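Heads up, the sequence shown is in the working numbering, so the first residue is 188 and it goes up one at a time. Don't be surprised by glycine CBs; every beta carbon is placed ideally from N, CA and C. These figures come from a predicted structure and were not determined experimentally. See structure below.
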Amino acid sequence: MTCKYIFVTGGVLSGLGKGVTTASIGLLLKCMGLKVTAVKIDPYVNVDAGTMNPYMHGEVYVTDDGGEVDLDIGHYERFLNTDLRKRNNITTGKIYLRVIEKERKGIYLGQTVQIIPHITDEIKDEIKSIGKEQGADVVLVEIGGTVGDIEGLPFLEAARQLRLEEGMKNTLFIHVVLIPKLGTTGELKTKPAQHSVQELRRIGIQPDILVARSSERLSEEAKKKLALFTNVQYNAIFSNYDVEYVYEVPTVLNHQGLPKIIKEMLDLNTVSDRCDLTQWVEFTNNLKTYDREVTVALIGKYTSLRDSYLSIIEALRHSSAKLRVKVNLRWVEATDVERKAINPKEIMEGVSGGIVLPGFGGRGVEGKLLMIKELRERELPTLGICFGLQLMVVEFARNVLRLQEAHTTEVNPTTPHPVVDLLTSQEGVIYKGGTMRLGSKPIKIIRGTKAFEIYGSEVIYERHRHRYQINPEYVNLYEREGFIVSGYSDEGFPEIMEYRGSKFYLGIQAHPEFKSRPLSPAPLFTEFLKNCMYSSK
Ligand code: GLN
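Below, the structure is given as structure tokens:
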């Protein structure tokens, strides 16, 4: 069948949950029997998300092929249960870089290189080429930002052109808008949404479908008003009201008949407009009906923006549904521990286990080390991820092996005991973008270890994003004290370590959270949570 393109745009303001809406539409299309791929467009000038602070932009998600991408790619992978590629995240930086390189090579020789047509052609070519490479029936393209942003214009213009070229039956525009509720009257106001659709129309795009985000279900009256003023069919307006878990959004849209409308509008005669979401609904029900509760401490330094650790929170959710346990998160801001605004002992009251979160740089590290010591000494289930493992090793070196001032050279380049050191492959690397050890890499698991028990395999693949490694020269010293290596990289440095002195005290250099899916949770998270359940008995 001819490839179809669905564009999802956003209006009124950002942070509406457009990524979740797009991922939910993707899941519905997949259930209809279509082969779907999803693309996120980020109109910023960075080439990728790798050089951005998680404070600003949320977590940097990592794909199998080593892309440092926007966190929405994570939503798509989790909802669609698929592995996407680096190129599924398009940015202004990537497109311009490519066009400028072509210009320098003389590919446009003689021409004036312009936004239209050169930049817009590059955007269209990339979207089509992704669809072709990934054998998609439908390419779902989410255009980040809000309609009206200057930086988003070339992408919207490319989408407009694509409709002209591919035809009405092969393209669809879905606009996600906010319908705010006025505190004083409790009324749902459609005016900002009307303006946002006008803005879209001004640049030549009439949306076919509206998804209205609001705190409560849209009234018939509000829907009628929206239809009249936005020129969108009444039955193509969907109410995406607030739900407890993002995983409920597909069901909300399914109940209102979104698959049927998409089928009609895109002339998808051969597919079903009924989506069987049974397993998915079972999963969301399990999230809500639990037998037990545990409290998990999350130790990091970007704790004020929860999106910084999004995939870890989602991985915990997936496992919690499987185990039917509710997970309460206790955020521990390491910089506050460091400046003594938080007492490590007090904050651990009632906590069943802790996750030492990934991170970079020295800020908050001493606070994290205090928290790790607390977890180790209390023999609480502990899971260290990437920087988390590295700091578990530093803590062990200092407090058990008595190697004073042991450190990672990332924080103290002149430490007498560089227990965590730069990867050999990183020596001489100066450029910052896309240069870490990135993406899916094999880990060799040692038989007879907890890691082997959990993964049940001698070789596993997890995604990575780091510049530093556990220094293998110290391994004998740790192992003598029961802190053993249970997984090695191909290059021969420790990837997984576990401490025999505790039931579950394990750190991993990789990021297992990126491969956790609602219906197939990451086994390390499940095992960690299981241990938290025992420890809280
Ligand atoms: N800063 C550490 C490194 O580069 C850990 C990175 C991380 O936690 N993702 O190795």
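Out of the options, point me to the one whose CA is closest to residue i's CA.
{"i": "E403", "options": "V430, K717, Q385, L609", "result": "V430"}
{"i": "N276", "options": "R285, E329, E309", "result": "E329"}
{"i": "K702", "options": "K509, Q613, H262, L609", "result": "H262"}
{"i": "K527", "options": "T476, E566, M243, G551", "result": "G551"}
{"i": "E553", "options": "A593, L516, I572", "result": "A593"}
{"i": "S673", "options": "L664, G679, I683, Y665", "result": "I683"}
{"i": "R493", "options": "T471, T476, L516, V481", "result": "L516"}
{"i": "G197", "options": "G245, L271, H382, P699", "result": "H382"}
{"i": "L497", "options": "E649, L284, I310, P699", "result": "P699"}
{"i": "S201", "options": "I294, L221, R400, R265", "result": "R400"}
{"i": "F680", "options": "Y618, D608, K619, L327", "result": "D608"}
{"i": "T208", "options": "L567, G370, L327, K311", "result": "L327"}
Please classify residue i: is it buried, with 16 or more other beta-carbons within 10 angstroms of its beta-carbon, or exposed?
{"i": "A346", "result": "buried"}
{"i": "I486", "result": "buried"}
{"i": "G688", "result": "exposed"}
{"i": "A646", "result": "Position check: residue 646 holds Val in this sequence, whereas Ala was assumed. It is exposed - the Cβ of V646 has fewer than 16 other Cβ atoms within 10 Å."}
{"i": "D235", "result": "buried"}
{"i": "Q298", "result": "exposed"}
{"i": "R389", "result": "exposed"}
{"i": "P531", "result": "buried"}
{"i": "V436", "result": "buried"}
{"i": "Y686", "result": "buried"}
{"i": "R667", "result": "exposed"}
{"i": "Y692", "result": "buried"}
{"i": "G237", "result": "buried"}
{"i": "T417", "result": "buried"}
{"i": "V543", "result": "buried"}
{"i": "E344", "result": "buried"}
{"i": "M623", "result": "buried"}
{"i": "N718", "result": "buried"}
{"i": "Q321", "result": "buried"}
Since residue i is in the alpha helix (DSSP H), which residue starts that stretch and which ends it?
{"i": "L570", "result": "Note, L570: premise wrong, no alpha helix (DSSP H); beta strand (DSSP E) at 569–572."}
{"i": "P710", "result": "710–722"}
{"i": "D308", "result": "307–320"}
{"i": "I260", "result": "258–267"}
{"i": "L445", "result": "445–452"}
{"i": "A638", "result": "637–642"}
{"i": "S459", "result": "First-last for S459: undefined, no H or E at that position."}
{"i": "Q413", "result": "The amino acid at residue 413 is misidentified as Gln; the sequence shows Leu. Residues 407–417."}
{"i": "S498", "result": "497–510"}
{"i": "H442", "result": "436–442"}
{"i": "L562", "result": "552–564"}
Do residue j and residue i count as a contact pair if the criterion is CB distance below 8 Å?
{"i": "G540", "j": "V483", "result": "yes"}
{"i": "L578", "j": "T569", "result": "no"}
{"i": "V519", "j": "I534", "result": "yes"}
{"i": "Y231", "j": "T279", "result": "yes"}
{"i": "Y168", "j": "A709", "result": "The displayed coordinates of the chain run from 188 to 724. Any statement about residue 168 would go beyond what the structure contains."}
{"i": "I396", "j": "I361", "result": "yes"}
{"i": "V325", "j": "L216", "result": "yes"}
{"i": "V398", "j": "V363", "result": "yes"}
{"i": "S506", "j": "D251", "result": "no"}
{"i": "I212", "j": "L440", "result": "yes"}
{"i": "V512", "j": "E480", "result": "yes"}
{"i": "R285", "j": "E309", "result": "yes"}
{"i": "A323", "j": "V195", "result": "no"}
{"i": "R654", "j": "L625", "result": "no"}
{"i": "L190", "j": "G354", "result": "The question names Leu, but residue 190 is Cys in the sequence shown. Contact flag unset, no."}
{"i": "L747", "j": "F425", "result": "Since the first residue of the chain shown is 188 and the last is 724, residue 747 is not available in this structure."}
{"i": "Y242", "j": "S644", "result": "no"}
{"i": "Y283", "j": "K289", "result": "no"}
{"i": "L716", "j": "L375", "result": "no"}
What residue does the beta strand (DSSP E) around residue i start on, and which one ends it?
{"i": "A399", "result": "396–401"}
{"i": "Q348", "result": "Careful: Q348 lies outside any beta strand (DSSP E), inside the alpha helix (DSSP H) at 340–353."}
{"i": "G674", "result": "670–676"}
{"i": "R291", "result": "R291 -> not in any beta strand (DSSP E); alpha helix (DSSP H) instead, spanning 279–292."}
{"i": "S426", "result": "424–428"}
{"i": "G213", "result": "Note, G213: premise wrong, no beta strand (DSSP E); alpha helix (DSSP H) at 205–218."}
{"i": "E682", "result": "681–686"}
{"i": "G694", "result": "692–695"}
With a threshold of 7 Å (Cβ to nearest heavy atom), would residue i be considered close to the ligand GLN?
{"i": "F574", "result": "yes"}
{"i": "R650", "result": "no"}
{"i": "Q321", "result": "no"}
{"i": "G546", "result": "yes"}
{"i": "E597", "result": "yes"}
{"i": "Y655", "result": "yes"}
Just to confirm, does residue i get its C-beta within under 7 Å of one of the non-hydrogen atoms of the ligand HEM?
{"i": "Q577", "result": "The ligand HEM is absent from the structure shown, which contains only the ligand GLN."}
Cβ of residue i less than 8 Å from any chain D Cβ?
{"i": "L397", "result": "Going by chain labels, chain D is absent from the structure shown, which holds only one protein chain."}
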